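I have placed the structure first, in the form of structure tokens, so that the comments after it can refer back to it.
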Amino acid sequence: MPHDHGSPLSEDDLLDRRYKASQRRFERECNSHEAGSTWPWIVFAFALAIMIPALIADNWTEILYGASRTWREIEGSVQNLNWH
Numbered sequence: 020m021p022h023d024h025g026s027p028l029s030e031d032d033l034l035d036r037r038y039k040a041s042q043r044r045f046e047r048e049c050n051s052h053e054a055g056s057t058w059p060w061i062v063f064a065f066a067l068a069i070m071i072p073a074l075i076a077d078n079w080t081e082i083l084y085g086a087s088r089t090w091r092e093i094e095g096s097v098q099n100l101n102w103h
């Protein structure tokens, strides 16, 4: 049950005011950042988009080889345990 502190506003009015205040705060925060500050993020995203496939292509064979070698070592040690 809502607390009544002698406020003539209904609950809907209070929610509406709170919503409008948060919207104004959001707009103020958005406008406080200058529009030019987005370009470093665009450059960063572009560089990342180029780098990630290159990194994957470089290390993919090593990763696969390392994983298969490790698996063979585990398999070998399990077989050794079974033999003894």
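Sequence positions in the sequence shown follow the working numbering and run 20 to 103. A virtual CB, placed ideally from N, CA and C, is assigned to each residue, including glycine. Just so it is clear, the structure is predicted and the values come from calculations on it, not from any experiment.
C-alpha distance - E30 paired with F65, whole-angstrom precision
Reading the sequence shown from its first residue, position 11 is the one you call residue 30. Reading the sequence shown from its first residue, position 46 is the one you call residue 65. Cα to Cα, E30 sits roughly 48 Å from F65.
If you drop the 5 nearest sequence neighbours on each side, which residues of the same chain put their C-beta closer than 8 Å to that of S56?
Here residue 56 refers to the residue found at position 37 when the sequence shown is read from its first residue. Closer than 8 Å at the Cβ level, and outside the excluded window around S56, lies no residue.
Inter-residue spacing [alpha-carbon to alpha-carbon] between A68 and P59
Residue numbering aside, residue 68 sits at position 49 when the sequence shown is read from its first letter. Residue numbering aside, residue 59 sits at position 40 when the sequence shown is read from its first letter. Looking at the two C-alpha atoms, the distance is approximately 14 Å.
Please classify P27: does DSSP put it in a helix, a strand, or coil?
Position 8 of the sequence shown, counted from the first residue, corresponds to residue 27. Three-state result, P27: coil.
For Y62 and I75, what's the separation of their Cα atoms in angstroms?
Residue numbering aside, residue 62 sits at position 43 when the sequence shown is read from its first letter. Residue numbering aside, residue 75 sits at position 56 when the sequence shown is read from its first letter. It should be noted that the sequence gives Val, not Tyr, for residue 62. Spanning the two alpha carbons is a distance of roughly 20 Å.
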